Structure formats: structure tokens, C-alpha cells
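Chains as they are written, first to last, in the UniProt record's numbering: chain E, 1 to 408; chain R, 1 to 408.
Number of protein chains: 2
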Amino acid sequence: MLQQTQQASIALRRLSYEQRAALLLEIAKLLRRYSNDILEANAKDLASFPTSDPLYDRLLLDAGRIERLASAVEQVSTLEDPVGKVLIDKILPNGLRLKKITVPMGVIGIIYESRPNVTIDVAVLCLLSGNAAVLKGGKEAFYSNTALVSILHKALAKSGLPTELVQLLPTDRRYTTELLQAEKYVDLIIPRGSQSLINYVRENAKIPCIETGAGVCHTYVAKNANLEMAAKIIINAKGSRPSVCNALDCLIVHEDVVESLAPLLKSGLEQYGISVYADEVSFPYFKRLQVPVTPALEENFGKEWLDYKLSVKTVKDLNEALAHIQKYSSKHSEAILTVDEEEAQRFLQEVDAAAVYHNASTRFTDGGEFGLGAEIGISTQKLHARGPFALEKLVTEKWIVLGEGQIR
Amino acid sequence: MLQQTQQASIALRRLSYEQRAALLLEIAKLLRRYSNDILEANAKDLASFPTSDPLYDRLLLDAGRIERLASAVEQVSTLEDPVGKVLIDKILPNGLRLKKITVPMGVIGIIYESRPNVTIDVAVLCLLSGNAAVLKGGKEAFYSNTALVSILHKALAKSGLPTELVQLLPTDRRYTTELLQAEKYVDLIIPRGSQSLINYVRENAKIPCIETGAGVCHTYVAKNANLEMAAKIIINAKGSRPSVCNALDCLIVHEDVVESLAPLLKSGLEQYGISVYADEVSFPYFKRLQVPVTPALEENFGKEWLDYKLSVKTVKDLNEALAHIQKYSSKHSEAILTVDEEEAQRFLQEVDAAAVYHNASTRFTDGGEFGLGAEIGISTQKLHARGPFALEKLVTEKWIVLGEGQIR
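As C-alpha cells, this is what we get:
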């Protein structure tokens, strides 16, 4: 199966950008035409979950969502071609012409959970960048994913391309394991989902991966912070959408300002119903506010809450804040709030994370917010892609050497 | 130990390019000053091997080699700084200033075999790019590597830097395994060595790797090749240095030209003492030359010979050549020899390899030949680095977001 996909990927390498973009427009058209089929399949998936289950909303497709999915595909079709960019073009002293250009990766495996729109989002990004896609979705979205992939197959067939360019693997976990070991047929794996999925991929993959994932995010309020601004940023970073990876997990506060800062947080903590896990120094100041507060345990630090919960750590100085971040950070997004430019510079330079912030909410770490167009994920590793990444990272490089008989 | 190295790497992040370059000059100076210590240690390693063993020459250091090592370090100190390059700098609609810059990886683990000069080569590339280095050399070079690392430590101490920035791991293999699993402390692993080492790394690493390695290289002589030129290229690609990864392993010949090509290869095959493993069609033409020839077995294809041996495969057309390459290539270096531009274009586009050649010897796949300066290795994977890579790939990216209280 994977071998067929690899073979099929050669056909894609021959297509011009215009042909790849036209394929995407065909996909958008068929998504609209067959939207009833999608809704029927989606209903079968939804039948297993009560509407109160948070999964229900993540799985749900309706006419509006399908229309947005189709127009997102049209949007992607207008993005700049990442393939064929000339990175180097020079004549060597021996007369060889040496070029380095961007080329498709080949076959990309994507492992993801629940939301069925991911099936379309990632498949079209792969196809536009000249890559075949092997998709492994979650079993809870089996019917929806099957319907969506059948639309992708119809569009491929209509465009005269092999349908093997997009494969949906069965939901059984052993297919994930096989995919992760198929280094002869698959060039890149992108896991999208929970930390446990990403750990599983890291343990089992023989194929290079771009890990996307957990964000244990800190914000440090320095002695010289504007505390009014700090309070707004903290409440936004924690409360606006706690289920995502760029949400605040641990507030670090300079000991001299914790007493003044705490009351400024009260209304925001109450508005969102945020529970505080406070260290020994900060505990009395939150207790006094009459908001839910618990003494912090060691396990409350380095924790990605994904919930209306916030740990608080008090420090003596920037060094202690940096050490805390180095120990507990997942290297996703880290912020400092201060009016002291020199202190901010040191933080921005020394903190090792995909995104570092001065006087802003970590919630901005996002491909859309950064203006990248369709985001594939947020890489928390350092190889190839770091932080939010998009289409341009789905390519690799190729050296082309043109000679007239040169030998070494 | 790795934790200390990670901690020490922060000190390196604070240094200017001038300070990093000065550290390298100090290393070069001390290599010369302590060359006797190095030679004494090297003699202890050499004592275990007869001079006839190929390992003896790979291990050997002498006054000339140490001088070349020191001047190579001076050369590296003049390379362009890969750190702090501004990749993106823009103001977002909400007023946030968004920058993307290059930053050091952090801690790089390098696993290598035999040649002790690698210890210095890779350590200085890491240090110049702001990275700490964890080195795991082979046990056959234990004394030499220990002496060289003690010189690195002297140079670090003289520059006021922590000596933990360069660690030499004990030669016991369990340290390799631990290194490969230390994802909290090590950011990148580069294995340099045999295919079995690289396979071991691939199976066991939880940390992102840049694989460097095996080259199963093909050269296809098309129907419309200039056969005189082809013969020179083939003999050069096979004979000039068969122990390296860019050497030719399998000659693919169009069936219409095999009879005319074989006699043109005779003198070159004899000059280097090359044995041929010929498929059924080509066998009689090589037999007739009275050079050593054996009927090719399946296992002779997809084989990296690293020796004066050459397999030969006859094909009907370009398609069959492309299919053979796709099946057996390690995606390192592949060449087509033809005067037909259209055929060459198709080959260059469809063959999936780090370097593809038209009318030249694959032996040019090399950082020095490509003008990259000091080569770290030749990547045979597609993520982050492909083909020969150097200093500029030892960095990652960091997003810096400067705000004035922005929330989302």
C-alpha cells in the first residue's frame, strides 16, 4: 500500500503548479457537491457520543463547516508554490554548474486525532506541495474521514492522477506502528495530537518526524513590569482558550510585585473560573482574594493544564525565573513582562523556546496570527521547522549538478 | 553530565561571534603547542594495530596531520557566522513586531568512529555556531581523543568558559544508548560512520537526527551517451576512491550501447583492478574483455561496495533505469550520461536523491567540492539538511515577538 503511494508520488512530481492548484479547486468543488454524503457519514460518527461530550463538537461537521472547509481549500490553492525555488545556482571553478532547488518531500505520513476537517486541510497542503499523503485519523472519525477521502479520490481520478496519492490507513493502532517503521516508503511523519501520541511516535518512529505538540508556557512578571498591562496579558493568555498549546500554564512573579499583582488578577480569575496552584510565597496573596487557590505541589509545575488552572511560582530575580523556565519549559512559548529593555533582551536571548515574547500574550503563537497562511502545526523540535509552520516546510532540497564530462 | 553541558551551553549563547572565533584560534594555538602530548597518546592507540591494518592509517596522527588540523581550525574561524541571521522582521496588523532569527541548536551529540581528527573538526564547528558538543568516539581512538579533548578544555578554560561545553563520553556502548535517549538535554544527534552505526541510531534515538551515510550510487549510460566521456566518468566514479560514499556502485547501461561501452572500460578496470558483477545481458561483453567478471546475484544490487567492485545492470530504456534506481538507491548521488537534454531533464527531475548529475562523476558530492567550507557530513535524509552540509545547518530558528500589551 505504501509502496503504491510512493510510486504514485512520481506522477505528482511531474505536475506544474497550475495543475496542482487546479486539483485543489476540483477538491473544493466536490466537497460542496457531495456535502450530503459527508453529513450522513458524520452523523454515523456522532451517534457514538452524547452532545455534551467535548468530542461531539470536535467531530461535528455541518453545512457551514463544510463550506468553510471548501473555501479554505480554495484559499490554499492561491498560496505561493514552495516547489522549485532556486536556493543556489553557481558555476564551480571546474565548470560544473551547481544548483540547489526545493523539491517535494515525497510521501508524508500524518497521524492525527478526532477533528475530521484535518483530513482535508493536511491532504491539500501535501498535494499542493507535490507530496503524497498517508493519513491515519482517529477511530472516532472513521466514517467522516472515509467520506472525505473518497472525495479526494474522486478529484484525483477526475484530474487523471492515481488515487493512491492519498491513502487513509485503517484505524487499528498496528497500522500506526507499521507506518512509523516504513522508512523505505515514507519520508516524513507529522504527528498532530496529544502528548501521548507524540511520545508514542518519538519512541517508535524510524522515519524523521516533525513533532508538534505540548506547550508548557510560562509568563514572567518582572519587578519593573507594568502591572495593569501584565494582569490583562495573564488573564488573556490563561483564560481566552485554555485547551490550546499556546495557553499560559505557569505564572512566574517577582517577589516584590506579587502582592500588588494578585488583586489586579482577581476579576479575570473570577470571570473565567480559574483555579490557582500557588507556591508558598504567593499563596497568602491569592488566598486573600477569595479565589480558588491550592498550595502548589511539585507536579503542578511543568504541567500543561489545558484547563482553567494556573500554577504560580515566585522568584527572587531574573536568574531564578530563567532557571525555572529551563527546568520546566516544553520550549514552545515563553514571555517576559517588563519595562526594563535590558532585562527583556536577556530573557529573549537566553530562553530556549520556539517563540519568546516581550509584553504580549503567548496566545499569538499560531500560523494564522503570524501570517503564514494555512498552518500545519507548531513544531516543538529544532530540526527543519520550529514554532508555527506551513506549506514551505513540506519540501526538501535537491542538488543538481550539470557537467560536460567532469571527473575528480 | 549532559545536564551540565546543557547548562554550560547558555554561557556560549552570550558570546559574540568575535569571542567564538577567538576561542577557535586559541584551540589552534594549543594544538600546536601540545602536539607532542597528542602524538604520545596517538602512539598508545596505534600500538594495538599492525601498520598493515587499514585502521592504522585512519588512526595515525603525525606532525604534518596535526599542523593541517590546526590550520583547518583557523580556516573555520573565518567562516561566516550562522547565528543571528534575520529571516523575518515585520510588523503585524495588531502592532506586534515579529522576528525570526537563527539561533544555536543548543547541545549537539556526535557519534563517530576511528579518525581522531573528527574530534577537533566537529567540536570547533559546534563551538563556532554557539553549540555545546557531546562527543562519542570509537574505542580504537580512545587515547588520541582524550588528549585532543583535554586541549579543547584548556582552550575553553583559558577563554573563561566552562569545560563542560565539550564532553567526551566513555567508549562503552551503553553511553551511546543513553545519549540517544536524552531528549531533555540534547537537541540534535549526528551519527557519522558505518551503515550499522546509522541503523543503530535510527532504531534507538528519541532525539532528532541528521543521518549521514551510505551511498548506493548509480550511473546510467543512456542510448545517446557520448561513450568516450562515459567511460572516463565511470572509471573515475568507481576507481578514484572506492571507500567513500559518493563512489559508483552500480553501472546501468542501455542495452544498445553495452557492447560498444564495455571495451572502452577495459583499461580503466585493469588499472584499478576492478571486479565486475554483470547481469545476464552484459556478462558476455565483459567476459570477452578478459577482466574479472562474475554473474551478478540479486544481492549485488543495492550494495554499497566501498571496494574495487562494480555491478552492471542492462536496461531497455530510461523507465527501466529509473525503476532500478528507485528500487535500490540510497538517495545519495545518481547520474545520467546522455547528450539528450530532454531525457536528462526527466532523470534530474524524477530521481529522488540528494544530488543528481548530468554528464559528471558522482564523486563531486562533497562539501569541499560544492564550496561549502568545512563539511559536517552528507545527509541522506530529507529533513533540515540534504546532501553535503556545513556550519549553517547547525542552527535552528527562534520567533521573537515584541509587544506593547497585545492580547488575543
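Backbone N, C-alpha and C define an ideal beta-carbon position, used for all residues, glycine too. Computed from a predicted structure; not experimentally measured.
Every unbroken stretch of the beta strand (DSSP E) spanning 3 or more residues and falling wholly within the segment 164-212 of chain E is given here in chain order: 166-168, 188-191.
Short of 7 Å from the beta carbon of Ile88/E, and not among the five residues preceding or following it, lie these beta carbons of its own chain, in chain order: Leu98, Lys99, Lys100. In the structure shown, Gly371/R adopts coil according to DSSP, grouped into three states. For Pro82/R, the closest alpha carbon among the candidates Val103/R, Ile66/R, Val201/R is that of Val103/R. In the three-state reduction of the DSSP assignment, Cys126/E falls in the helix class. Judged by pairs of C-beta atoms under 8 Å, the segment 10-19 of chain R does not touch the segment 127-138 of chain E, as fewer than three such pairs exist. With its beta carbon at least 8 Å from every one in chain E, Ser35/R lies outside the interface.
Assignment of Asp89/E by DSSP, reduced to helix, strand and coil, places it in the strand class.
Residue pairing of Tyr357/R in beta bridges, as defined by DSSP: Val401/E, Ala335/R.
Counting C-beta pairs with one atom in each stretch, the segment 300-319 of chain R and the segment 239-256 of chain R have three or more that are closer than 8 Å, which means they touch.
The contact set of Phe347/R on chain E, defined by CB atoms closer than 9 Å, is empty, because the minimum CB distance reaches about 10 Å. The Cβ atoms of Ala147/R and Ile38/R sit closer than 8 Å to each other. DSSP, reduced to helix, strand and coil, places Leu383/E outside both helices and strands of the structure shown, so it counts as coil. Between the alpha carbons of Pro242/E and Asn300/E lies a gap of roughly 16 Å.
The distance from the Cβ of Leu46/E to that of Tyr56/E is about 6 Å, consistent with a contact at the 8 Å cut-off. Excluding sequence positions up to five before and after Ala214/E, its CB lies within less than 6 Å of the CB of Gln195, Glu304, Ser330, all in the same chain and listed in chain order.
In terms of beta-carbon proximity, Gln3/E stays away from the interface with chain R, with every pair separated by 8 Å or more. Nearest in C-alpha terms to Leu92/R, of all of Thr380/E, Asp366/E, Thr176/E, Gln406/E, is Asp366/E. For Pro104/R, the enclosing beta strand (DSSP E) begins and ends at 97-104. With respect to the C-alpha of Ile207/R, the residue from Gly109/R, Val221/R, Lys85/R having the closest C-alpha is Gly109/R. Under the Cβ distance rule, Trp399/E counts among the residues neighbouring chain R, one pair being separated by less than 8 Å.
From the beta-carbon of Val276/R, no residue of chain E is found nearer than 7 Å; the closest lies around 20 Å away.
Around the CB of Ser282/R, 16 or more other CB atoms lie within 10 Å, so the residue is classed as buried.
Tyr143/R sits in a helix when the DSSP states are folded into three classes.
Measuring C-alpha to C-alpha distances from Leu128/R to each of Phe142/R, Pro54/R, Gly84/R identifies Gly84/R as the nearest. Counting along the chain, Lys393/R sits inside no beta strand (DSSP E), nor does DSSP assign it H or E at all. In the structure shown, the three-state DSSP call for Gly268/E is helix.
In the same chain as Leu60/R, and ignoring 5 residues on each side of it, the C-beta atoms closer than 8 Å to its own belong to Asn42, Leu46, in chain order. Of all residues in the segment 380-391 of chain R, the ones placed with a Cβ closer than 9 Å to any Cβ belonging to chain E are Gln381, Lys382, Leu383, His384, Ala385, Arg386, Gly387, Pro388, in chain order. Proximity of Tyr200/E to chain R, defined by a Cβ-Cβ separation below 8 Å, is not satisfied. Contact of Gly109/R with chain E is not assigned, every C-beta pair being separated by 8 Å or more. The contact set of Tyr357/E on chain R, defined by CB atoms closer than 7 Å, consists of Val401, Gly403 in chain order. For Gly239/R, the enclosing alpha helix (DSSP H) stretches over residues 227-239. Taking 8 Å as the threshold, the shortest C-beta distance from Ser243/E to chain R does not fall below it. Comparing alpha carbon positions, the residue from Ser77/R, Thr362/R, Ile190/R closest to Glu26/R is Ser77/R. Residues of the segment 282-308 of chain R with a C-beta atom less than 8 Å from some C-beta of chain E do not occur.
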